[in-house]
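These protein sequence lines are chains V and S, in that order.
Position one of the first sequence corresponds to residue 539 (our numbering), numbered consecutively onward.
Position one of the second sequence corresponds to residue 328 (our numbering), numbered consecutively onward.
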Amino acid sequence: MTASVLAAGVLEDTIRAFFQGLPIGAGFALVAMSFVLTYKTSGVFNLAFGAQAFISAATYFELHVRRDWPIWSAVLVAVVLVAPLLGLLLERLIFRHVHASSAVAKLVISLGLLVALPELFKLIVDYNREQPFGAVGIIPDGTTIYRLFGRYPVTRDEIAAFVIVVAAAVALAALFRYTRLGLRIRAVVQSPRMTELNGVNADWVSSGSWMLSSFFAGLAGVLLVPTTSSLGTVLEPTGYFPIVISALAAAALGRLVSLPAAMFGGLLLGVVTTQMRTHVPRDNVILAELQGPALPYVMLFAIIVFWPAIRRQVAGADPLLGVSPPPPALAATSRSKGMTIYTRIMALAFFTAVGIWTFGYANNFWISRITHSVIFSIIFLSIVVFTGLGGQIALCQVTFAAIGAFGAMQFAQRWDISVIVGMLAGAAIAAAVGAVLSIPVMRLGGIWLAIATLAFALFFHDVLVKYSWVGGSLFHGRGVPRPEFLGVDFSSRENFLILCVAILVLVGVLVILIRESSTGMALRALRGSETAAESIGVISWRSRVIVFSVSAGIAAIGGGLLAMEERLVGYEANFDPQTGLFWLVIVVVLGTRTVEGGIQAGVAFVIFPELVLHRWLGLDGAWRFVLFGFAAISFARHPEGLLEHGKRRSQAMMQRMFARRQPAMATAGAPAGAGPTTEAEAETGDEP
Amino acid sequence: MTARLWKMLLGALAVLALVATACGNAGNDDEGAPAPTAAPAPADEPDDEPAPAPEEAPDDEPGDDSAPEPEPEPEEPKDPEHRHTFVPIEGVPGVNDDEIKVTSIVTISNNTLGTNIAAYNDGIEAYFNFINDTGGIYGRELVLDNKRDDQLFQNQPQALAMVEEDDSLAAFVATLLFFGADILNDAGVPTFGWNIHNEFADRRNIFGHIAPSCIGCIHQLFPYIATRVGATKAGIFGYGNSENSKICAEGTRDSIEHYSAEAGGMTVEFFDTSIEFGLAGGVAPQVSEMKDKGVDIIYTCLDLNGMRTIAQELVKQDYRDEVVMYHPNTYNHEFVAANADLFEGDLVFVQFVPFEADIDSSLQEAFFQYTEGIKLEEQTMVGWLNAHLFYEGLLGAGPEFDRASLVDALRTFDDYSHDGLTNAIDFSRQIDLPNNNPDADYEYRCINAVKIVNGDFEQWTGEPGKPWLCWETVREDWHDPEALTFAG
Chain V
539 MTASVLAAGV LEDTIRAFFQ GLPIGAGFAL VAMSFVLTYK TSGVFNLAFG AQAFISAATY
599 FELHVRRDWP IWSAVLVAVV LVAPLLGLLL ERLIFRHVHA SSAVAKLVIS LGLLVALPEL
659 FKLIVDYNRE QPFGAVGIIP DGTTIYRLFG RYPVTRDEIA AFVIVVAAAV ALAALFRYTR
719 LGLRIRAVVQ SPRMTELNGV NADWVSSGSW MLSSFFAGLA GVLLVPTTSS LGTVLEPTGY
779 FPIVISALAA AALGRLVSLP AAMFGGLLLG VVTTQMRTHV PRDNVILAEL QGPALPYVML
839 FAIIVFWPAI RRQVAGADPL LGVSPPPPAL AATSRSKGMT IYTRIMALAF FTAVGIWTFG
899 YANNFWISRI THSVIFSIIF LSIVVFTGLG GQIALCQVTF AAIGAFGAMQ FAQRWDISVI
959 VGMLAGAAIA AAVGAVLSIP VMRLGGIWLA IATLAFALFF HDVLVKYSWV GGSLFHGRGV
1019 PRPEFLGVDF SSRENFLILC VAILVLVGVL VILIRESSTG MALRALRGSE TAAESIGVIS
1079 WRSRVIVFSV SAGIAAIGGG LLAMEERLVG YEANFDPQTG LFWLVIVVVL GTRTVEGGIQ
1139 AGVAFVIFPE LVLHRWLGLD GAWRFVLFGF AAISFARHPE GLLEHGKRRS QAMMQRMFAR
1199 RQPAMATAGA PAGAGPTTEA EAETGDEP
Chain S
328 MTARLWKMLL GALAVLALVA TACGNAGNDD EGAPAPTAAP APADEPDDEP APAPEEAPDD
388 EPGDDSAPEP EPEPEEPKDP EHRHTFVPIE GVPGVNDDEI KVTSIVTISN NTLGTNIAAY
448 NDGIEAYFNF INDTGGIYGR ELVLDNKRDD QLFQNQPQAL AMVEEDDSLA AFVATLLFFG
508 ADILNDAGVP TFGWNIHNEF ADRRNIFGHI APSCIGCIHQ LFPYIATRVG ATKAGIFGYG
568 NSENSKICAE GTRDSIEHYS AEAGGMTVEF FDTSIEFGLA GGVAPQVSEM KDKGVDIIYT
628 CLDLNGMRTI AQELVKQDYR DEVVMYHPNT YNHEFVAANA DLFEGDLVFV QFVPFEADID
688 SSLQEAFFQY TEGIKLEEQT MVGWLNAHLF YEGLLGAGPE FDRASLVDAL RTFDDYSHDG
748 LTNAIDFSRQ IDLPNNNPDA DYEYRCINAV KIVNGDFEQW TGEPGKPWLC WETVREDWHD
808 PEALTFAG
């Protein structure tokens, strides 16, 4: 009797949790399907989805809540006009021109857009003129409650979201399976030129696909507002981020191509969430975490790493897809001796001038800014190692930097040990974590590697940081002293800057050594073709583990120095995973393959917004996100970075000028096809 | 990587490790930061040396044309004699013959909380208008000269820039986190802020609208509220990704369990500190569990986003009328009016005497006069209170004030309640966190709470004229609170 009552209770709880999970799952499903739709119709893993969703929701908010437009007209503008128009613009201005680029290049561009679009929208409509408070849904009386089977409550908003999800899944599946248009959309994604041979206007099909997917992003944006607490209170783009990440797990279930799988994945995610919260006890720390903040990231990571379909997708990809021509030689390697001397003299003069100004005239604020730029240069060199040398995208460098910062803090606070030792210990821990993390994810590559590392970063952010053994104690603060080193007290800003510069030099040399070492050559070979590289004896896993752990260690050293410079671990200010996305964007825009590129990114990250945007141009600091975000588009055309590209162009120009001045020498002394016109010139020869 | 390279790397690391172990950490005596805190001894000036001739500010000096002309004429603050004494001052940042300038650092953009922090500036400016309309202070006007945007967590560089520009007497801070605290404190900048951070503790130059408070400590308040509303079964929520929220929730749980017998056998039936910020996964299972267990009062350490999500789920599960929620952060009139049905009958904690309370406070009267036409927010009052504290500190420092004498004057205020609008603070000893130093606690632990009725607030604690409910801090035994006022 007791057992049967208990079983009935469990059954009742399970059924109730099922119905409670469906509305949550509908939100995930909507986002997951929009993801899949974009990927299916464009081949782009569109992390800017959240930005597109935000723009429609914010437009609706602006019109309906702030300007009192009727719901229907605000929806018409925000979802039916603005969202497709945004999709059209993205396709026409950006993605059409990167169709043949790698998936990683498109991912980087979408990251740039994720950073840039919301900020641009806010600047255009002066969105922050007052707090975006009190957003509402698009369904009239959306909070009206109905009871399924007379007992399970559901709101009109939730019913609408669910119905739209199911209807969209059916309609889109039918579109792709049974209609000529669907076939053409798929064909255009795979080969626009071949499709055009059959008389299909690939341009318009592609534009239409983007408009459709953007429409769904906009629809998801407004539908999520009433069902997501944070969006309904203050409508900010960051509110979409956790939902998008959770929905990625659902999209991954369908390998980003199956709409029904994405729908079922989303619903399943919602139901699993509520079932766990119903049946799993909360008095155990690990189980409690798995019900709460950790759940979406653990699921995402687990799906990416263990889901057979994804493993098959990675293994079964087009073998030629992973075969890339080796990256062109660096501009510095092909310039003339005279040019090299000239460049070095100019660089020396520049740094001497900066040094004189810094130590002779700059106030504490500018010394601090310069120190920050040196430290961020160090951190960004970790991206140079992983992305520039390794050819992969990781979105967790910010986490490794945080580990270095917390390492310095913990050693100093708990054991009164030198922060330098703490920083190095943090670097060792980060390197070890990087090595361990690399083992399950290294074979993924491309976008899956990026997403898996993002899941790890978010897990650290939402789960681990709050534990005192990681993030310190609330009651002791996160203070970090500056070091004494070789009898020198580095507590003054000037001395600490000198220390940071010295470490930057050491790290820069280390990066160059790695680049020129057998590991660096192995990485270059792996970038070209992993299979071919292995056939000549390159051990791919070893190279990948080394590059992952070295990169993590460098980031951690930078993080430790940053904590010392700020005298505390400003985790929320510096190490948020979304901040890390911008780090990647700014480095890939300026140059991932050279130490110089990393340093210039560090300077641009810190000095550019303060000096150029704020003081010279009087612009809002948000413009840096817009400028560098959109500049990420250049990654597809110039994966070496804008600065390296600029160097090649200027070098080629100088050499052409030189050739014109000495035509006789150029023609008489050089064999056919050679001469001062080098790879650099060839590189720029196809420029429009 | 070649073996040679490995050896080089390992060698370099070994050398670094050896050197590092031989080194230590520098002290915190920063760089070229200006000397902190201690006031230059005014006794250096011989008593018989004539002070610079004080000048009365001319009564007919025109005020700021842009200042509002409120009706009716405001009651002047109760002036000490020297309020209008003008003494030329040189070398004090932000002070000239006409103005006393201050800077604010406030989270204006990127604020993801429901709390409108930017309203803090409105409160400061309203108070400065009030003082300037009644003649200013020491022949000068108070001016909020520079409004810096923290842009969410970027207050450290803003603080450093402010210190280096050196053109403000004081800083006013309202940010979600306060990373710039040490920079301002070490530079000796008198700083007034929205005290929700530990960074306000243990820093002599930094003052909050309230004193550093005991976080997670056992408090009779929580079981007392339950006894007042007739509840005996508690549910408690805290965010799983915020240590602050978790400690707060644990303190609530411990308080209820500690006083369980005295509070009619009250029990904690539900405790969850695993929910994620943003609540993308909702709280339906948790509400079902609470309903099953008969929870009749819910305490949380959440922001108003979270409160709304829980309330929506309570309504969905037809359980809203059977439970009272205690809100720590929902004193927001617009939000509550927009969600009237969700929060009917709930209790909301307020850090100061609410706008709705009946209290004899000229400062509150002036607040209403000078904020007319401004959307009133919690932060408007916090800014007003901070500006008032700044003004009172200036009065205490005298007409020849500087940063250090301002701080010293404030640290002599041992019974300061912003004219009754806050619990009385002893700034001379309430510097550290009571968690670390019990002597730094309030004399009375008091609450002020309002009840939500038809989308508006009604005073719930105390009695007319005495809005606070207070317990003596030194008494740990269960005892009835006392209705108090700190005005007058």
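Glycine is no exception: its CB is placed at the ideal position from the N, C-alpha and C atoms.
- Residue 895(V) is classed as exposed because its beta carbon has fewer than 16 other beta carbons within 10 Å across all chains shown.
- Counted as a single uninterrupted DSSP element, the beta strand (DSSP E) harbouring residue 651(S) occupies residues 651-654.
- Only buried fits residue 582(S), as 16 or more other CB atoms lie within 10 angstroms of its CB.
- Beta bridge pairing from DSSP links residue 798(S) with 772(S).
- Within the same chain, Cβ atoms closer than 7 Å to the Cβ of residue 812(S) are found at 686, 747, 792, 793, 794 and 795, the five residues on either side in sequence being excluded.
- The contact set of residue 612(S) on chain V, defined by CB atoms closer than 7 Å, consists of 555, 558, 812, 815 and 816 in chain order.
- In the three-state scheme derived from DSSP, where H, G and I count as helix and E and B as strand, residue 779(S) is classed as strand.
- For the region 1080-1111 of chain V, the residues whose beta carbon sits under 7 Å from a beta carbon of chain S are, in order, 1084, 1104, 1105, 1106, 1108, 1110 and 1111.
- Residue 957(V) and residue 776(V) have their C-alpha atoms roughly 34 Å apart.
- Boundaries for residue 934(V): no beta strand (DSSP E) harbours it, and the DSSP string shows neither H nor E there.
- Here the region 946-966 of chain V does not lie against the region 906-916 of chain V, with fewer than 3 beta-carbon pairs under 8 Å apart.
- According to the DSSP secondary-structure assignment, residue 470(S) is paired through a beta bridge with 428(S).
- Bridge pairing for residue 475(S): 432(S) [DSSP].
- Of the residues assessed, residue 662(V) falls on the exposed side of the cut-off, its CB having fewer than 16 other CB atoms within 10 angstroms.
- Residues of the region 662-673 of chain V that bring their beta carbon within less than 7 Å of a beta carbon in chain S comprise 666, 669, 671 and 672, in sequence order.
- In the structure shown, residue 913(V) falls within a helical segment according to DSSP collapsed to helix, strand and coil.
- Boundaries around residue 835(V) are those of the alpha helix (DSSP H), 833-844, since no beta strand (DSSP E) includes it.
- By the Cβ test, the region 502-511 of chain S is not in contact with the region 710-722 of chain S, since fewer than three Cβ pairs between them sit closer than 8 Å.
- Our two residues, residue 955(V) and residue 765(S), have alpha carbons roughly 29 Å apart in a direct line.
- Taking the C-beta atoms as reference points, residue 805(S) is found nearer than 8 Å to residue 589(S).
- Cα atoms of residue 560(V) and residue 801(V): separation of roughly 11 Å, rounded to the nearest angstrom.
- Straight through space, the alpha carbons of residue 462(S) and residue 715(S) are spaced by roughly 15 Å.
- Between residue 737(V) and the set 750(V), 747(V), 751(V) and 722(V), the nearest pair of CA atoms involves 722(V).
- Interface criterion met: the Cβ of residue 902(V) is under 8 Å from a Cβ in chain S.
- Straight-line spacing of the CA atoms in residue 1063(V) and residue 1078(V) works out to 9 Å.
- The region 744-764 of chain V makes no contact with the region 653-669 of chain V; the number of CB pairs closer than 8 Å stays below 3.
- Residue 419(S) and residue 493(S) have their C-alpha atoms spaced approximately 9 Å apart.
- For residue 678(S), not one C-beta of chain V is nearer than 8 Å to its own C-beta.
- In this structure, the alpha-carbon of residue 787(V) lies about 29 Å from that of residue 1080(V).
- For residue 1054(V), no beta strand (DSSP E) encloses it; the enclosing alpha helix (DSSP H) starts and ends at 1031-1054.
- Interface residue (Cβ-Cβ distance to chain V less than 8 Å): residue 509(S) is classified as such.
- Looking at the DSSP output, residue 790(S) shares a beta bridge with 793(S).
- Contact between the region 1002-1010 of chain V and the region 1089-1106 of chain V is absent, with fewer than three C-beta pairs closer than 8 Å.
- In this structure, the beta-carbon distance from residue 638(S) to residue 652(S) falls below 8 Å.
- When the beta-carbon positions are compared, residue 1054(V) and residue 1129(V) stay at least 8 Å from each other.
- By the Cβ criterion, the region 543-551 of chain S is not in contact with the region 601-613 of chain S, since fewer than three pairs of Cβ atoms, one from each stretch, lie closer than 8 Å.
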